[in-house]
Structures are given as structure tokens and as C-alpha cells.
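Undergrad: Numbering (our numbering), first residue to last: 24 to 419. Don't be surprised by glycine CBs; every beta carbon is placed ideally from N, CA and C. On a predicted model such as this, the values are computed, not experimentally measured, just so you know.
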Ligand SMILES: *Cc1c(COP(=O)(O)O)cnc(C)c1O
């Protein structure tokens, strides 16, 4: 028999059977007209999920990290200035990547558990009267701390400062699970990956690129070949791909978007918000708190839970894996050991979520933490019972 449990890491996420089957397809010649039949629905679907009204969707055989690299190398030159806030492991890694590419990164440090500091971003933009800053980087959902930043607020800061910088958003752990509005927020590059909200295996970087970002390509001198948007857009226009595409993943992406839209994107977002709240009810019943400093920052896709003094979050994650075969997320970087993370994104039902909370509680009891078995599960059950799942209603 299978000992497979759902995973509660914030990516890769659980894969619905329909998506697994859509990925499993016979070999297809990507130079034949058959390829466009797989590719076009995936691309048009991404446009809708990102809410793009213009620009290009780029699909790369990569992961979210490759999407970051594509965003910067296609639009920037060595020495260009980039403005970014650092408040967790993922915002840190994008900054680190920029520095390794020889970009001049103006870093705003913020405490882990906070989001992008809007007032400081606006002040930095206003102070840059020469418009040296070419790009503002923003991590929509900081997966290390479970913090959602206000991307619309960053757009307002850019506009208030009258600053022409491009706005690049890492939406790897938000897109497809939390509302995202590329057109409304004036996002120039949005980066997603296949293995989070899209519920696919890892292997695709999914990008939305605005016309303004596409025109920045002309002067960008950072080296790029595999990730070059110029080769991509040229090949796409001819119904092809510049090299061998991961056709199965692209077919899976079209299926993923079909599932998301059959549920309704707003219903998908509401489902994630509901699971996030159920998780936080459990956390409160355990006598713990989210790492996110205030409710406006709470992520709908991942909750980083601050463990009590003297407890080690990584021990809980290790025990859950070894004793119960269940995966939770460890604390990363500055919060290693101080938090553990419950990913609640992608394919998840009430029953699945409760199984994760129950196993987390068993681990706490095993480790001698001061938590009563059933306390968090009961709090989540109360919340879930009181807010019935819209998904089953729709399916009935
Ligand atoms: C997972 C994640 C990434 C990295 O994506 P990979 O697919 O692992 O390369 C980047 N940013 C955020 C916010 C993430 O959650």
C-alpha cells in the first residue's frame, strides 16, 4: 500500500490527479502544429490568472529562481541600480542574485515578519531625483515568514514619487492562490513557478512581462541565452519554442488553469483565505502566534508559526517526517528553529488540512511542548464547520 500523505510545505504542493494525468502524455513534436494546441491555452490561461491586459507571457523550463534571473537579465545592465526590501529568505535570495549579477542593489532592511515598508520605499524613490533606480523588486508573499506585501501600495509609492522605475514582483507563492492584479497594480514583470499555486511538478517558470519591460530588453546588456525573452517571443510568434519545451508540464499548466477557473478564481482565493484562517485559529489555540507581525500581513498560502521559547521548530518538522511521514516547512535563515511553517496552498480540502494540524499536535506532544492534543484541531474544526466549503456546494 501507499504511505503517501498530503504535504504541508509551501511548495511543491499536492498534485491533483487530473493534472498528473494531463502531464502524462505521449511524445509530441514541438515543431509540429500540434504544439500550439497545447501551448496557446496555457499562455492565454496565464494571462487571465495574472490579469494582464497587454504584454507577453513567457514560459521557461526553469523554476521560480530561473524566473527571477530571466526578469533581471532581460531588462538590466551591469551596474544598474535596483531597489529592494529584505524581510525574509526569498526577498534575500533575489537581492543576492542581483548582486551576483553585478547590479547595484539599494537594500531596505526590514524586520522578518514585516512586509515591504511602503513609506521607506517611497522616500527612496523621491530621493532618487536622477532616476538611477531602474527596477523596484517586491516579494508579494514572503514564504519564509508568511507575510503578504501590499503591491498596490508599492505602485502608489512609485506614482506618488513620479518615478519611472519598473516594478518586478515575485508572486511564486501567491499567484493562483491569492488575488493578483498585474494590470491594476502596474506590474512590469510577474514571476510564478509551476509547483505552488498551479499544483504542478516543479520545472516551469511562468512570467508575465509588460510592454515597458519588453522595451527595456533593447538596452539590457546582462548576458542571457537560455532565458532570453527575445528568442522566446520570436519563436512564440511563429507558434514554436526556441528549444525543446517541457510539453507535458505545459499541458499540465493548461489543465491547472482549467481546474482553477472551473472552481472560479475568486472561489479559489476565498478557499485559501479560509484555510489560512482555520490554521491561525489552531495556532492561537496552541498558544502560539504567526511570525507575520499584524493581520494585514497574514499570508493566505503559508503560516510561519513562532514556537515557544525553548522549543525548536526544526525538531517538529524532522519528527513529523520521520515518525508520521508528513512534511511541514522548516524555518529558514534568521528564523531557523524559531518557526515551523504550514503550507496551505494548492489542492487542499478541509479533511486534508485537519490531518496536518492533527499531526503537528502529535509532534508537539511527543516533544513535550505544552500543547493539549486536539486543541488546535478543535479550533480549526469550529471555524471550518461555521464556514462551509463553497467548493462542495458548487460541485453538488
Ligand atoms: C518557492 C519560492 C521561490 C523559489 O522558487 P523555486 O521554484 O524553488 O526556484 C521564490 N520566491 C518565493 C516567494 C517562493 O515561495
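#1: Per DSSP, which one or two residues make a beta bridge with residue 364?
#2: Looking at the structure shown, is residue 257 part of a helix, part of a strand, or coil, going by DSSP?
#3: Tell me the DSSP secondary structure of residue 219 in three-state form.
#4: Mind listing, in chain order, the continuous alpha helix (DSSP H) runs of no fewer than 4 residues lying wholly within the region 101 to 156?
#5: Is residue 488 helix, strand or coil when you go by DSSP?
#6: Over what stretch of residues does the alpha helix (DSSP H) that includes residue 293 continue unbroken?
#7: Could you check how far apart the C-beta atoms of residue 197 and residue 163 are, in whole angstroms? I think they sit under 8 Å.
#8: Give the secondary structure of residue 24 by DSSP, where H, G and I count as helix, E and B as strand, and everything else as coil.
#9: Does residue 371 come out as helix, strand or coil in the three-state DSSP assignment?
#10: Mapping DSSP to helix, strand and coil, what is residue 419?
#11: Using 10 angstroms around the beta-carbon of residue 137, count the other beta-carbons present and answer buried if the total reaches 16, otherwise exposed.
#12: When the distance is taken between beta carbons, is residue 118 closer than 8 Å to residue 107?
#13: At what residues does the alpha helix (DSSP H) containing residue 336 begin and finish?
#14: Please indicate yes or no: does the CB of residue 37 lie closer than 7 Å to some heavy atom of ligand 1?
#15: If I follow the unbroken alpha helix (DSSP H) through residue 407, where does it start and stop?
#16: Return the first residue and the last residue of the alpha helix (DSSP H) that residue 204 is part of.
#17: Going by the beta-carbon positions, is the gap between residue 224 and residue 365 smaller than 8 Å?
#18: Measuring straight from C-alpha to C-alpha, what distance separates residue 419 and residue 173?
#19: Look up residue 62 in the DSSP assignment and say whether it is helix, strand or coil.
#20: Taking DSSP's pairing of strands, which residues face residue 228 in a bridge?
#21: Quick one: Cα of residue 16 to Cα of residue 252, how far?
TA: Inspection of the coordinates gives the following:
#1: Walking along the chain shown from the start, residue 364 turns up at place 341. Bridge partners of residue 364: 327, 352.
#2: Taking the chain shown and counting its residues from 1, the one referred to as residue 257 is at position 234. Three-state result, residue 257: helix.
#3: Indexing the chain shown from 1 puts residue 219 at position 196. Coil, per DSSP.
#4: 112 to 123, 141 to 150
#5: The shown model of the chain, from 24 to 419, leaves out residue 488, and the question about it has no answer.
#6: Within the chain shown, the letter at position 270 stands for residue 293. Start and end: 288 to 308.
#7: Taking the chain shown and counting its residues from 1, one reaches residue 197 at position 174. Taking the chain shown and counting its residues from 1, one reaches residue 163 at position 140. 5 Å between Cβ atoms; contact.
#8: Sequence index remark: in the chain shown, residue 24 carries index 1 (1-based). Coil at residue 24, not helix or strand.
#9: Indexing the chain shown from 1 puts residue 371 at position 348. Coil, per DSSP.
#10: By one-based count along the chain shown, residue 419 stands at place 396. Any reading at residue 419 needs caution, since the residue's pLDDT is 49, under 50, leaving its predicted position unreliable; the model's value is listed next. Correct three-state label for residue 419: coil.
#11: Here residue 137 refers to the residue found at position 114 of the chain shown. So residue 137 counts as buried.
#12: Here residue 107 is taken as the residue at index 84 of the chain shown, counted from 1. Here residue 118 is taken as the residue at index 95 of the chain shown, counted from 1. Their beta carbons are under 8 Å apart, which means residue 107 touches residue 118 by this criterion.
#13: Position 313 of the chain shown holds residue 336. Taken as a continuous stretch (DSSP letters only), the alpha helix (DSSP H) holding residue 336 covers 336 to 347.
#14: Here residue 37 refers to the residue found at position 14 when the chain shown is read from its first residue. Residue 37 Cβ: outside cutoff for every heavy atom of ligand 1.
#15: Position 384 of the chain shown holds residue 407. Note, residue 407: alpha helix (DSSP H), 398 to 409.
#16: The residue you call residue 204 lines up with position 181 of the chain shown. Here residue 204 belongs to no alpha helix (DSSP H), and DSSP marks it neither H nor E.
#17: Position 201 of the chain shown, counting from 1, holds the residue named residue 224. Position 342 of the chain shown, counting from 1, holds the residue named residue 365. Cβ distance not < 8 Å, so residue 224 and residue 365 don't count as in contact.
#18: To locate residue 419, count along the chain shown from 1; it is residue 396. To locate residue 173, count along the chain shown from 1; it is residue 150. Annotation note: pLDDT 49 at residue 419 (below 50); position unreliable, coordinate value reported separately. Going from the Cα of residue 419 to the Cα of residue 173 covers about 36 Å.
#19: Within the chain shown, numbered from 1, the residue matching residue 62 stands at position 39. DSSP places residue 62 in helix when its eight states are reduced to three.
#20: Translated into positions along the chain shown, residue 228 becomes position 205. Looking at the DSSP assignment, residue 228 forms a beta bridge with 83, 216.
#21: This structure does not reach residue 16, given that the chain is present from 24 up to 419, and the question cannot be answered.
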